[in-house]
Each structure stands twice: as structure tokens, then as C-alpha cells.
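Student:
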Amino acid sequence: MVRDPLSSGPSSRPALNRGRPFDFLTQFLARHSVPVSPEQIAPAEGSRAAVATVVALLPAIYEHQAVLAWAAFAAFWSCLIEPGGTAREQLRILGLFTVAGAILGGMTSLIAVSPLWGVLPWLVLTGLLVGMARALTPSMALLCALLGCVMLAGTGFPAHGLQDALVIAVAFGGGGLWAILLCLAIWPLHPYAPARRAVGGCYRLLSVMAGEIAAGRLQETVHRQNVRAAIERARGMALQIDAGHASYGMRGRLIASLAGAERLFTAMLAVEHLVETRGLDFEARGTLAAFSALCQHASDAALDPAPDLGHLASEGLALAGSIPATAGPIGELVATSARTLGTLAEGLAQKERLPFDAELPRHVARLTPAIWQHTLRLVVGLLATYMTSWWLGLDYGFWALVAVLLVIQPSGQTTLVRALERVLGTMGGGVLALLLTPFLPGSAQMLAAVAVFVIGAIAMRAVNYTMLVVFISAQFIVVTEMIMPSQGVAWMRMLDNTLGSVIGLLCAFMVCPQRRGQDMDGLLQKAVVGNLRYLAAVLKREDPVMTDRIQRQAGIDTTRAEFARGSLPVLGGVSAVGERATQAHALLRALRRLSGEATLLRFDISAGLCEGDAQAGERWSATAAALEAGAPLADVALKIQNGEIMAEIAALERAGRGDRAAS
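Take 928 as the starting number for the sequence shown in the numbering used here and just add one per residue.
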């Protein structure tokens, strides 16, 4: 039986600090819109996937039939899509993938022998399936994307009869069933390990943020983006955990842990705002350094399957108690944060229902205009790629089709990042395979190389997309040379993936292109509305859980606007130029300062230093509603930029704050 990862009890394991050496690289890449999550490295999952893939590949090698390699494809893809969580959730996803993949793989092989006019409608259907699946839950959208890959890969294995198609279908089904048996019965792993690692990553980044502030390095935008993205990524993984049966409590506890990280993040934003406006003394530096160590211990506890939460609770409460009442506003915020973390650990250790927001929104499948535009880009990209591959006579044109399917994203900027990541990953995988070719004289050595590449691919699947593609490319190159030997397989893989990535990038910017000015105006308006609503909630002293939700949405909206402001972030963080870009930059900076001041006010209200101002809160709530209804942004933006709203907040009477701030 798997132990509760958040249960109390002693642990003799050393601290797990696998993310710490990657901190600088992670921050640099995140600043350029390239996500890296070192805490998600999963060698155990990679080892299991290697066993599944290599065993499923043996019949193809023994019988010398390339079509039997579909069993290995199914086994690998099943391990790639395996969602974690309860056995019921895993069986649902893997079972659907196995059954649907066997049917679609066999059908595609029959369609692949048709003339050009017979294959093109199938590509249109593939694009529609994958594009519209964006309206479904993340796990189902990923499932449909992998099924789309099956449909496209089948075009490279034409069946000249019903018997050949049945062989492909049976091979795929057999590989999928073998993967299900291995994952659920023979080699089950901890069901919540990915979500637990994601939560640990949030606390690790909070530790980095506190340490950076203590060192006097103020990078509010980078910290806001890094931690916000990590929390939302972890929240998305928690959402995929089945809400029924025994996992209900686990999902609630993970959400409670994320809510705790959210509150610590709020406090650190307020601290950074205070440091920027009032400076940082020696005592505050030491307090922040101690809190940074506490957050790192919380990250280690989240990564450990059997953490000593009692010790973490004692450490947090002890830090809070050691900060004197005269420590000033920064000391107060750190003490409040340490007390919050200690109380959270104490509640998790006792398995109590915690006073955090554990209500999760229901997912509503809705085909928005953005999804339809994304679907159209996919359809056009697949048709253009297939026609180009047919015209060039590429032997492995289905690789280019798979590339374009995975590269095209709803956002043009995201597509750019994904295209560059895929091209770089393919080049790296091709070079890796070429370098190892002299050392792989026979099938045994090739199978060993495939096993290593599969371990790397699955271990890196949630860490970074480029690293995932490196190992997948090397794996498929070696497998292809084993079952369909030909000259220049590595070079053809690099050519096909580059072709698909370039066509996908062109489709993202030429088919239903986004008008940057209108998009930026809308993002700025949402950010202003969100921050005004947060300010109104603070002034009106609304329920803390509701205020947390409003602040979270304001943070998401502000971060989206900050990411969109850069024109080509992955190519060096070059910001958009011109008067409008300068105005957007100034407004976003003012919004960050306003958010920090509102957060500081919130902590003052919770500490009993201020009564708030319900009348002003109603006024700003009405202003936000008017902006959302279409009122002009210029007047409100001017008040935010010239500091008028911040001055209004600072003018509120706060008992004892003035003396301590002055001291």
C-alpha cells in the first residue's frame, strides 16, 4: 500500500534538493518564456517506461516485421500519457488510448494507400479532433493529441489489405495492454508523485524569492512570473487527480498546500514592495534568509513521500515566535508567513480540514473563437505539410506531420517557443544518435540505447520540452534503424521535424493572425480590472478565501500582460518598441506597485492596524465593473501611473505603522 505523501511520521531520508543546482538556469529560461521544472525529474517512471518499450519491441526484432513495432509505439506513448492518480483514473485514460489508438491506427493504414485526395480528408479530421479537444479537460486534450499522433504516424505504414491493417491494430492494442498491465499491476508507482513534485517546486521557488530579496536583488517581475506559473502548473496537475474515491482527501490536501504557497507568495510580494520603497536593514536580511531556509525545508517535505511535518510545523512556529514585535513591517510579514506555514504543516500532519480554498471550478467544455482559430491553423498546417512532403518525396513525411501537430499552439508566441524547442531538441537528438552509432553494432546494443533514451524521455517529460524531444528523437532514430534500416535516418528526422516546425510557425502567424495592438489593450484592461477588484476586496475586508481567489486572478491577468509585452522573448527578451509599448511597460510597473501596496494594506488590516474603507472599496469595485463593460481605460490608467491610488491607500490611518516605519 502506498503511504500518504503528506502524512506525518519520522523520515530518515536526506533532504531532497534536486532543483537547487538549476536555480539560475531555471530563472534565466523562465525569463525568456522557456519553462524548466527540475523538480519533476522522474527516473523511476523512465525506468518503467524503458521496460515497457523494450519488451514490446522484441516481437518486431524477432519476426523482422516493421509493423509489429506499433506495439512499442503504443507502450511508449501509454507511459508518456500515464496521468498518475488513482488506478481508476489511469485505467480510464490508458484504456481509452489503447482501444481508440488500435482502431485509428488500423484505419489510417488502410487510408494511407489511397491517392492524395483520399488522405487529405483524414488529415482534416485529425486537425479537427486535436484542435477542438482544447475545450476538454487537460488530460483529455492530451489524450486526443496523442491519438492525433497515432493517426498521422499511420500514414507512414500503408496497409495493402485488411489483414495488414488488423496486424497494426492488434500490435498497437497488445502494446497498450502490456503497458496497462505493467503500470497498474506489475510496477505501480506512487500515484501522486508528479503533483507532489510540482507542489515542492512552488515552495522551492518561494525559497529562492526570499533569498533573492534578502540579498537585495529585486526582480519582482521575474519572481511574480516564476512563482505564479509554478503554482498554476501545480494546480493544473492537482485538478487532474480523480475527485472521487480515496483520492478526494489527497486532492484537497494538495490544494491546501498550494493555497498556503499562494499566501506566502502574497506576503513575499508585499515584502519586495516594502524593500523597493523603504529599503532593507540588516535585521530584515537575516529574517528573510531564515524564512528562505524554512521554505526550502517545506519543499523538501513536499518531495519526500514520508515527511516529518511535525518538525516543519515546529520550525515555522519557532521562527514566527523568534521575530520581535518591534521588527517592523518586513518582520511582521515574515512572522505571519512563518506562522501560516507552521499552521499548514500542523494541520496536514493531523489530517484536519484546513481553512483554505479547496473548492475547484467545474470544467465547462466550450468551443471559443480562439479554439476554432487554433483548429483552423492545425488543419491548414497538416494539409500544407502533407502536400510539401509529397512534393519533396520524403520517406518519413509523417514525422513532419507529427511535428506540425505538436508545434502549433493557440498563441503565436507560444508556437514560436515550441517550434524552437522542437527544432533544437531534434537537432540534439539527431547528433546524439549519430555520435552513438559507431558504438551500436548489433540489436542488443541498440536495445540498450533505446532503453536509455526512453528513460531520459519519460524522466524529462515534465521538466522541459526540449530535453523531452532530444531523447524521443534519438529513440525513434535508433528504432527506425533497427526495424527499417536505411541511410541518413538521423538527417531525415532533423529535416522532417524542422520542416513541420517551420510550417507550423508560419501557420500560427499567417492563419487567423492575432492583431498585437488589440490583444495587448485587452490584456492590459483585464490586468487593471483584476487589480482594482483585488484592491476593492481588501478595502471592503471581504472573506479571505474570496480575496485569495480575486488576487490569484489578478496575478494571472497581470502576468499574461507582462509575458505578452515582449515581442520575441526567447530570442533575448527583446521588448516591443514604440510609444504604446512604453506606455504598457509603465502601466504594468505601476500595477505591480499598486498590487504590492494593496497586499501590504491587507496584512495591516488582518493585524488590526487598519479598519479599511468600505466606501472606497465600493467605488473601485464599480470602476472595475465599468471598465469591464467597455469604459475607457485612459483615465484610470493615469491615476494608477501617477500614484494617485497608491497615495489614497497610504493615507488610510494605520495604528502604530507610522512610528515603526519611521524607525
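For each residue, glycine too, the CB sits at the ideal point set by N, CA and C.
Answer yes if the segment 1423 to 1434 comes into contact with the segment 1330 to 1338, meaning at least three C-beta pairs across the two stretches below 8 angstroms, and no otherwise.
Tutor: yes
Student: Who are the Cβ neighbours of A1578 in its own chain at under 6 angstroms, not counting the five residues just before and after it?
Tutor: none
Student: Buried or exposed for N1153, going by 16 or more other Cβ atoms inside 10 Å?
Tutor: By the neighbour-count rule (16 or more Cβ atoms within 10 Å), N1153 is buried.
Student: Could you compute how far the alpha carbon of T1393 sits from the alpha carbon of R1180?
Tutor: 32 angstroms
Student: DSSP state of K1467, grouped into three classes?
Tutor: coil
Student: Smallest Cα separation from A1561: which of G1355, L1451, Q1414 and E1545?
Tutor: L1451
Student: By alpha-carbon positions, which one of I1030, A1120, M1059 and G1128 ends up nearest to G1092?
Tutor: Before going on, a small fix: residue 1092 reads as Ala here, not Gly. Out of I1030, A1120, M1059 and G1128, I1030 has the C-alpha closest to the C-alpha of A1092.
Student: So, for V1051: in the same chain, excluding its five sequence neighbours on each side, which residues have a beta-carbon less than 6 angstroms away from its beta-carbon?
Tutor: Excluding residues within five positions, the ones whose Cβ falls inside 6 angstroms are V1306.
Student: So, does the segment 1110 to 1125 touch the segment 1026 to 1043, judging by three or more C-beta pairs under 8 angstroms?
Tutor: no
Student: On the CB-based measure, 16 or more other CB atoms within 10 Å of its CB, does Q1402 come out buried or exposed?
Tutor: buried
Student: Could you tell me if S1533 is buried or exposed, where buried requires 16 or more neighbouring beta carbons within 10 angstroms of its beta carbon?
Tutor: exposed
Student: Alpha carbon to alpha carbon, what distance is there between A1541 and R1468?
Tutor: 8 angstroms
Student: Use the C-beta contact count for L1104: other C-beta atoms within 10 angstroms, 16 or more gives buried, fewer gives exposed.
Tutor: By the Cβ-count criterion, L1104 is buried, with 16 or more other Cβ atoms from all chains shown falling within 10 Å of its own Cβ.
Student: The alpha helix (DSSP H) spanning C1129 covers which residue range?
Tutor: Start and end: A1120 to A1141.
Student: If you draw a straight line from the alpha carbon of W1299 to that of M1059, how long is it in whole angstroms?
Tutor: 7 angstroms
Student: Which residue from M1387, I1182 and S1005 puts its Cα closest to that of R978?
Tutor: Sequence check: residue 978 is Val here, not Arg. Nearest Cα to V978 within the set M1387, I1182 and S1005: S1005.
Student: Have a look at V1057 and G1032 and give me their C-alpha separation to the nearest angstrom.
Tutor: 15 angstroms
Student: Quick one, which of L1133, Y1119 and Y1313 has its alpha-carbon nearest A1165's?
Tutor: Y1119
Student: Flag this pair as yes or no: are the beta carbons of L1260 and A1194 separated by less than 7 angstroms?
Tutor: Their beta carbons are under 7 angstroms apart, which means L1260 touches A1194 by this criterion.
Student: Give me the Cα-Cα distance between E907 and L1303, rounded to the nearest whole angstrom.
Tutor: Because the chain in this structure spans residues 928 to 1590, residue 907 falls outside the shown range and cannot be described.
Student: Is it buried or exposed, F1218, if we count other Cβ atoms within 10 angstroms and call 16 or more buried?
Tutor: buried
Student: Leaving aside the five residues before and after E1348 along the sequence, list all residues of the same chain whose C-beta is less than 6 angstroms from its C-beta, in chain order.
Tutor: Y1392 and T1393
Student: Report, in whole angstroms, the separation of the C-beta atoms of I1404 and G1355, which I expect to be a contact under 8 angstroms.
Tutor: No, I1404 and G1355 are not in contact; Cβ-Cβ is about 12 angstroms, not under 8 angstroms.
Student: Which of the three DSSP states is assigned to Q1414 in this structure?
Tutor: coil
Student: Should the segment 1155 to 1162 be called in touch with the segment 1221 to 1241, which here means at least 3 C-beta pairs below 8 angstroms?
Tutor: no
Student: What separation, rounded to the nearest whole angstrom, lies between the Cα atoms of A1660 and P1337?
Tutor: Shown here, the chain extends from 928 to 1590; a query on residue 1660 therefore has no answer.
Student: Rounding to the nearest angstrom, what Cα-Cα distance links P1065 and I1008 in this structure?
Tutor: 11 angstroms
Student: Inspect the beta-carbon positions of A1142 and A1002 and report whether they are closer than 7 angstroms.
Tutor: Not in contact: A1142 and A1002 (Cβ atoms no closer than 7 angstroms).
Student: Is it the case that the Cβ atoms of A1346 and L1466 are separated by a distance below 7 angstroms?
Tutor: no
Student: Pop quiz: L1239 and A1186 are said to be a contact at Cβ under 8 angstroms. What is the actual Cβ separation, rounded to whole angstroms?
Tutor: At roughly 17 angstroms, the Cβ-Cβ gap does not stay under 8 angstroms, so L1239 and A1186 are not in contact.
Student: Quick one: what does DSSP say C1006 is sitting in, helix, strand or coil?
Tutor: In the three-state DSSP reduction, C1006 falls in the helix class (H, G or I).
Student: Put Q992 into one of helix, strand or coil per three-state DSSP.
Tutor: Q992 carries a coil assignment under DSSP once its states are collapsed to helix, strand and coil.
Student: Is it the case that the segment 1309 to 1321 contacts the segment 1359 to 1369, given that we only count it when at least three CB pairs across the two stretches are under 8 angstroms?
Tutor: no
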